[in-house]
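Sequence order for the protein chains is X and D.
Numbered per numbering that gives the first Met the number 0, the first sequence spans residues 0 to 158.
Numbered per numbering that gives the first Met the number 0, the second sequence spans residues 0 to 158.
Here is the structure we will look at.
2 protein chains.
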Amino acid sequence: MKMLFHYNWKVREEWYAWCEGVSEEELLKKRTGGVGSILETLFHNIDVEWSWIRVLKGEDDFKEDFEGYRSLEKVRELDARFKPEVEEFVANWDSSMEDRVLVSTGKDGTEYTDPWGEVMRHIIAHEIHHIGQLSVWSRELDREPVSADLLGRGLSDNQ
Amino acid sequence: MKMLFHYNWKVREEWYAWCEGVSEEELLKKRTGGVGSILETLFHNIDVEWSWIRVLKGEDDFKEDFEGYRSLEKVRELDARFKPEVEEFVANWDSSMEDRVLVSTGKDGTEYTDPWGEVMRHIIAHEIHHIGQLSVWSRELDREPVSADLLGRGLSDNQ
Numbered sequence: 000m001k002m003l004f005h006y007n008w009k010v011r012e013e014w015y016a017w018c019e020g021v022s023e024e025e026l027l028k029k030r031t032g033g034v035g036s037i038l039e040t041l042f043h044n045i046d047v048e049w050s051w052i053r054v055l056k057g058e059d060d061f062k063e064d065f066e067g068y069r070s071l072e073k074v075r076e077l078d079a080r081f082k083p084e085v086e087e088f089v090a091n092w093d094s095s096m097e098d099r100v101l102v103s104t105g106k107d108g109t110e111y112t113d114p115w116g117e118v119m120r121h122i123i124a125h126e127i128h129h130i131g132q133l134s135v136w137s138r139e140l141d142r143e144p145v146s147a148d149l150l151g152r153g154l155s156d157n158q
Numbered sequence: 000m001k002m003l004f005h006y007n008w009k010v011r012e013e014w015y016a017w018c019e020g021v022s023e024e025e026l027l028k029k030r031t032g033g034v035g036s037i038l039e040t041l042f043h044n045i046d047v048e049w050s051w052i053r054v055l056k057g058e059d060d061f062k063e064d065f066e067g068y069r070s071l072e073k074v075r076e077l078d079a080r081f082k083p084e085v086e087e088f089v090a091n092w093d094s095s096m097e098d099r100v101l102v103s104t105g106k107d108g109t110e111y112t113d114p115w116g117e118v119m120r121h122i123i124a125h126e127i128h129h130i131g132q133l134s135v136w137s138r139e140l141d142r143e144p145v146s147a148d149l150l151g152r153g154l155s156d157n158q
């Protein structure tokens, strides 16, 4: 499971590099599907990953919206701010944590019980899904998207 | 890791159901990004998943192209044909298989060595990525895409 976090982080860094070749206007442009723009998608992935980890730890999650982060530089800064805590949590993950249960209450009062192992895989799938959306928008811009291949990235040290 | 295979299979079934409400013309229409059409994306995910598993088993993989499978019914039939073998392989997966090495040769003669654990996660990420592309095309059709949420699907029995 750890390997897929490392995969997401590598792919995310490559998308930042990809963004360097695209105007800020295009990065912020409202697009069809997902959360709406390329940069907001990257922001959203950082937000969701960190927030779930914080929730598992019983700490406050991220409450800010994208308005304060409308540049590649600010999104990268946010990532650099949150990443160490996520990395530490993932590095210390072990199978005994799989079945711990997160109890949470939805806005309508519904109570949810989610095994931590599901939450971790939810974070993984969430990011890969949104990156798939970026790949379509990249082709709409006539640009080659970042490769989604997991093989060949030397990830096997992180299982 | 098994959980993410089960997640992909559930989401895939929901996309088949989603396809029932869309005309064959729209399902086959060439779109921007990915492999080009909604139905070919579903076909491609089935093909890639089964083929990698076959390669790990040292058996022949899938050589047919999409031309013979240009309907929802045919894609579902292909899935039903391949799925049992994939399910069995995934069910019998254990951590001792992580570091087995697959040696393969590319078209240009390059030799690749990939740990089996990476191959399995490559299959997972590959499908989620392509499903993210479907979600954009769904919005272009003014349709709600299938949820990508992993939580709430009762997957925790499959770790």
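Ideal Cβ positions, reconstructed from N, Cα and C, are used throughout, including at glycine.
| Item | Value |
| --- | --- |
| Can you tell me which of Ala90(X), Asp113(X), Ala147(X) puts its alpha carbon nearest to the alpha carbon of His128(D)? | Ala147(X) |
| Mind checking who Glu110(D) pairs with in its DSSP beta bridge? | Thr104(D) |
| In chain order, what residues of the same chain have a beta carbon less than 6 angstroms from the beta carbon of Glu97(X), not counting five sequence neighbours either side? | Gly116 |
| Of the residues that make up the segment 130-142 of chain D, which ones have a beta carbon closer than 7 angstroms to any beta carbon in chain C? | In the displayed structure, chain C is absent; the protein chains listed are X and D. |
| Could you check if Asn44(X) is buried or exposed, using at least 16 other CB atoms within 10 Å of its CB as the buried criterion? | buried |
| Does the beta-carbon distance from Val118(D) to Lys1(D) come in below 8 angstroms? | no |
| Consider the Cβ of Arg53(D): report whether some Cβ of chain X lies at a distance smaller than 8 angstroms. | no |
| Could you confirm whether any beta carbon from chain D is found closer than 8 angstroms to the beta carbon of Thr109(X)? | no |
| Inspect the CB distances between the segment 9-18 of chain D and the segment 127-144 of chain D and report whether three or more fall short of 8 angstroms. | yes |
| What runs of the alpha helix (DSSP H), each 4 residues or longer, lie entirely inside the segment 48-100 of chain X? | 71-90 |
| May I ask you to report which of helix, strand or coil DSSP gives Val118(X)? | helix |
| In whole angstroms, what separates the C-alpha of Glu66(D) from that of Gln132(D)? | 21 angstroms |
| If the criterion is Cβ atoms closer than 8 angstroms, does the pair Asn41(X) and Leu27(X) meet it? | First, the residue type needs correcting, since residue 41(X) is Leu and not Asn in the sequence shown. For Leu41(X) and Leu27(X), no; Cβs fall outside 8 angstroms. |
| Which class does Ser137(D) belong to by DSSP, given the choice of helix, strand or coil? | helix |
| Please name the residue in Gly32(D), Trp49(D), Ser70(D) whose C-alpha comes closest to that of Glu24(D). | Ser70(D) |
| Given a limit of 9 angstroms on CB to CB distance, which residues of the segment 95-121 of chain X reach chain D? | Glu97, Asp98, Tyr111, Asp113, Pro114, Gly116, Glu117, Val118, Arg120, His121 |
| Our contact map puts Val85(X) next to Ile52(X) with C-beta atoms below 8 angstroms; I'd like the distance itself, whole angstroms only. | 5 angstroms |
| Would Glu12(X) be called buried (16 or more neighbouring beta carbons within 10 Å of its own) or exposed? | exposed |
| Give every residue of the same chain whose Cβ lies closer than 6 angstroms to the Cβ of Tyr111(X), excluding the five residues on either side of it in the sequence, and list them in chain order. | Ser103 |
| Does the distance from the CB of Trp159(X) to the CB of Phe81(X) come in under 8 angstroms? | One cannot answer for residue 159(X) here, as it falls past the ends of chain X, which runs 0 to 158. |
| Just verifying my parser: in three-state terms, what is the DSSP assignment at Arg11(X)? | helix |
| Below 7 angstroms CB to CB, which residues in the same chain sit around Arg30(X) once its five sequence neighbours on both sides are set aside? | Ser36, Trp136 |
| Going along chain X in order, which residues have a C-beta closer than 8 angstroms to the C-beta of His128(D)? | Ile127, His128, Ile130, Gly131, Ser134, Ala147 |
| Measure the CB-CB distance between Phe61(X) and Asp46(X) and report whether it falls below 8 angstroms. | yes |
| Taking 8 angstroms as the threshold (beta carbon to beta carbon), is Ser50(D) in contact with chain X? | no |
| Nearest chain X C-beta to Leu41(D) closer than 8 angstroms, yes or no? | no |
| Consider the Cβ of Ser155(X): report whether some Cβ of chain D lies at a distance smaller than 8 angstroms. | yes |
| For Ser155(D) and Gly105(D), what's the separation of their Cα atoms in angstroms? | 37 angstroms |
| Tell me the rounded alpha-carbon separation between Arg138(D) and Lys9(D). | 21 angstroms |
| I'd like the span of the alpha helix (DSSP H) that includes Leu26(D), first residue to last. | 23-27 |
| Kindly list, in the order they appear in chain X, the residues whose Cβ is closer than 9 angstroms to that of Gly33(D). | Gly131, Ser134, Val135, Arg138 |
| What is the rounded straight-line gap between the Cα of Asn91(D) and the Cα of Val100(D)? | 17 angstroms |
| What residues in its chain sit with their C-beta under 7 angstroms from that of Gly33(D), if we drop five residues either side in the sequence? | Thr40, His129, Gln132 |
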